[in-house]
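*Asks:*
Following this line, the structure appears as structure tokens:
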């Protein structure tokens, strides 16, 4: 009797473990499914793929996605920023334009060029590798598309390519953000 009970218990544990390992997945998941939805409600989200891998910042502290848009001395400054990780392992994304004379408009697409003023640019920073990569490829610019810009909400999409310190390309694709901005 004890032997039968032990075998039933062992078989039950095996079946439970098999069901937990399967999780109903028939194969690898699509990394796009891990990104936040492309909303336009001020949901305070940002996400993208970096070389095909999901980049999703935390939603608290200095890592939380944030946006800043200000008009000073006849020019506009935009900064969209988020980071993931912390301590000795930090990756951050920034999209910015400093001292730009052009007002952002919903529905417009802006080329992400090098970070010379007043260009729009995309930047990727990663530590501890001390990888600092800036979009410096004017011959192949990225793009920032604004899908909402009103009531202190800025939403949109982005994609760009950066070069690391060794000249290797890093692609940032399928970027989306939905943020309340401060001014």
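Residue numbers (mature numbering (1 follows the signal peptide of the UniProt record, and there is no 0)): -21 to -1, 1 to 162.
We put the beta carbon where it would ideally sit given N, CA and C, even for glycine.
Can you tell me which of 147, 149, 31, 49 puts its alpha carbon nearest to the alpha carbon of residue 81?
*Replies:* The option with the nearest alpha carbon to residue 81 is 49.
*Asks:* Is residue 10 helix, strand or coil when you go by DSSP?
*Replies:* In the structure shown, residue 10 sits in a helix (DSSP, three-state: H, G or I).
*Asks:* According to DSSP, residue 135 sits in a beta bridge with which residue or residues?
*Replies:* In DSSP, residue 135 forms a bridge with 125, 156.
*Asks:* According to the Cβ coordinates, are residue 229 and residue 27 closer than 7 Å?
*Replies:* Look at the range of the chain in this structure, -21 to 162, and you will see that residue 229 is not part of it.
*Asks:* Would you call residue -11 buried or exposed, if buried means 16 or more other Cβ atoms sit within 10 Å of its Cβ?
*Replies:* Residue placement at residue -11 cannot be trusted, given a pLDDT of 38 that sits under 50; the coordinates are not used to answer.
*Asks:* Who pairs with residue 57 in a beta bridge, going by DSSP?
*Replies:* In the DSSP output, where bridge partners are listed per residue, residue 57 has 48, 76.
*Asks:* Give the DSSP bridge partners of residue 24, in chain order.
*Replies:* According to DSSP, residue 24 bridges with 157.
*Asks:* What number of angstroms, rounded off, separates the C-alpha of residue 76 from the C-alpha of residue 8?
*Replies:* Taking the straight line from one Cα to the other gives about 35 Å.
*Asks:* Where does residue 88 land, buried or exposed, given buried means 16+ other C-beta within 10 angstroms?
*Replies:* The residue is exposed, with fewer than 16 neighbouring Cβ atoms inside 10 Å.
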